[in-house]
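Encoded as C-alpha cells, the structure appears first; notes follow it.
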Amino acid sequence: EELLRQMGEPLPLLAAAALIVLLVACGNVACLLLARGIERSKEIAVRVALGASPGRVVRLLIAEGLLLSILSAAGAGAVAVRLIRLAIAASPPWHALDNMISVSGTLVLFAVALVLLAGMVPSLYAGLRTAARESGLGLRESGGAMGNGRGQVRSLHALVVAEMALAVLLLSMAGLLFRSFANLRSNDLGYRPEGVLTFKTTLPASRYPAVAARVRFWETLLAQL
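Under my numbering, the first residue of the sequence shown carries the number 1146, and numbering increases by one thereafter.
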C-alpha cells in the first residue's frame, strides 16, 4: 500500500497507455483473423452450397477460434509469469517485491476472457457474413482475384483505421510525457542538488521508547553528520 501510495498519481496514466497498447494488439489479431476469413469466404460459400447449415459452419469456426485462443492464453500466461519474475529480480532488494507482487487471479480471468474474445469474434464474424448470404451470391462476391467479400474488406479497413487512430493517440501521449519530463529536468529548482544525499530511517521503539531519548539521538546524529 505504501508503494502504491507513492506511485498513485502516474498509475492511471500508465494504465491508460497499457489499455491503448492492448487495444492495438487486439486490433492486430482481429485484422489477421478477418483477413484469413476473407480468404476463406469462397470455401465457406462452397460448404453452404453443398448443404452445410450455417450452424455447422459457425461451430467449425468457433472450434478453430477456441483452439487458437487457448494456445494463445497458455503462451501469454507463461510469458507473463516469466516477466514478473524478471521484474522482481531486477528490482532493488529493499523493495522486497517478491513479497508484494503475484499473479492476480482476477486479472488472469480477465486476460483469458479477452483472449477468447479477440480470437473468436473476428473469425466468427467472417463466417457468419458468408454463411448468412445466399450461396450463389457468396460465390459471385468471393470469386475475385483474392476471394474478397466487399463487406468484410470494409470491416477490415475500419479496423485498420481504428488501429491507426489508437497508435497516433499513444504516440501523442508518449510525446507529451517526454516533453513534460524534459521540461522538469530543465527547471530551476532554486538549489543545487549535486552532492546532496537524502535518506530516511526509523528508531526501534524498544531502544528509544521515550520522545526525549529520540530527540537526543537525532540532535547527536545531526551534529556528528
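All residues carry an ideal CB built from backbone N, CA and C; glycine is no exception.
In the three-state DSSP reduction, I1246 falls in the coil class, being neither helix nor strand. Taken through DSSP and simplified to helix, strand or coil, K1345 comes out as coil. The Cβ atoms of A1180 and L1301 lie closer than 8 Å to each other. For L1168, same chain residues with a beta-carbon under 7 Å away, outside a window of 5 residues either side, are L1311 in chain order. Assignment of G1220 by DSSP, reduced to helix, strand and coil, places it in the helix class.
By the C-beta density criterion, V1356 is exposed, having fewer than 16 other C-beta atoms within 10 angstroms.
Distance from the CA of S1236 to the CA of A1162, rounded to the nearest whole angstrom, comes to 22 Å. Contact check between the segment 1195 to 1208 and the segment 1336 to 1344: fewer than three CB pairs, one atom from each, fall below 8 Å, which does not count as touching. Counted as a single uninterrupted DSSP element, the alpha helix (DSSP H) harbouring R1192 occupies residues 1186 to 1194.
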